[in-house]
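Enquirer: Dropping the structure in here first, questions after.
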Amino acid sequence: MENSMKTAFAAFAFLLAASAAACNTVEGVGEDVGAAGTAIENTANDNK
Numbered sequence: 001m002e003n004s005m006k007t008a009f010a011a012f013a014f015l016l017a018a019s020a021a022a023c024n025t026v027e028g029v030g031e032d033v034g035a036a037g038t039a040i041e042n043t044a045n046d047n048k
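For the sequence shown, position 37 (counting from the first letter as 1) is numbered 37 according to my numbering, and the numbering increases by one without interruption.
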């Protein structure tokens, strides 16, 4: 029983770390897409 608890805890810790990494990755992609959109908008405004 104790061995299965250690395995469950290790799996939970791994999933928690993976979730945190995914959150940061998605946030970074969102910032990149936002910056690209702003650049396109600025270029369009400059060429009116």
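Even glycine gets a Cβ: it sits at the ideal position worked out from N, Cα and C.
(1) If you draw a straight line from the C-alpha of Phe-9 to the C-alpha of Ala-21, how long is it?
(2) Could you tell me whether any Cβ in chain E is nearer than 9 Å to the Cβ of Ala-17?
(3) Would DSSP call Lys-48 helix, strand or coil?
Expert: Reading off the structure:
(1) Walking along the sequence shown from the start, residue 9 turns up at place 9. Walking along the sequence shown from the start, residue 21 turns up at place 21. CA-CA distance, Phe-9 to Ala-21, rounds to 18 Å.
(2) Of the protein chains in the structure, only one exists, and it is not chain E.
(3) To locate residue 48, count along the sequence shown from 1; it is residue 48. It is coil, neither helix nor strand.
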